[in-house]
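Residue numbers (full-length UniProt numbering): 1 to 194.
So, in structure tokens, the structure goes:
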């Protein structure tokens, strides 16, 4: 079987496909914006309806997206995002849903004037007893270009790093009801002191 035929029949997510083209991450993103692309995949041991509904509740995405300070839901299609950036800064943009199929996919793009132009797509695939495969594809333009991307990596605020971490936290939240952390809270410290 040739590589071309294999690539067409390989139904693995873009991040794990055997015959993976560099541009696969940005394919099928309506109204794509962004020169950098990343795609991350996780399997969550929960039914697809539950996983989709939890992700679609945009106001609660900050529960597992570490750098999201807040998301203001403007209407069913639009939201305003405030996200932490390196050096104590924040960046903001309005996002608009460009495609949605309940329990299958959500795609978005940032609207004109975004500090970080971005777009993406999250797909949800039912895999029976194993739960749901979630694949997040993100395209973005790092503020400050290549130098900005390097600085963001140093501060662990680079979108590719964050997408991987956020999906792991989403999995933990849905499967266990909480997100594991090695940070000790004030309450835990007080409890240990008793």
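No residue lacks a Cβ here, since even glycine has one placed at the ideal position from N, Cα and C.
Open item on the list: Need the endpoints of the alpha helix (DSSP H) that residue 48 sits in, please.
Closed with: For residue 48, the enclosing alpha helix (DSSP H) begins and ends at 48-56.
TODO: Would you list the residues sitting across from residue 109 in a DSSP beta bridge?
DONE: 96 and 119
TODO: Verify the CB distance criterion: does residue 103 have a CB-CB separation below 7 Å to chain D?
DONE: Of the chains in the structure shown, none is chain D; there is only one protein chain.
Task: Sequence-distant residues of the same chain with beta carbon closer than 8 Å to residue 124, five excluded per side - done: 48, 51, 52, 55, 103, 104, 105, 132, 133 and 134
Task: Own chain, CB closer than 7 Å to residue 91, minus 5 neighbours either side, in chain order - done: 83, 85, 115, 116 and 143
Open item on the list: Using C-beta distances below 7 Å, list every residue in its chain close to residue 64, excluding the 5 sequence neighbours before and after it, in chain order.
Closed with: 166, 169, 170, 173 and 179
Task: Rounded distance between the beta-carbons of residue 120 and residue 139, thought under 8 Å - done: 6 Å
Task: Alpha carbon of residue 137 to alpha carbon of residue 160, nearest angstrom - done: 10 Å
Open item on the list: Only counting the same chain, and skipping five residues up and downstream in sequence, which positions put a Cβ closer than 6 Å to that of residue 187?
Closed with: none
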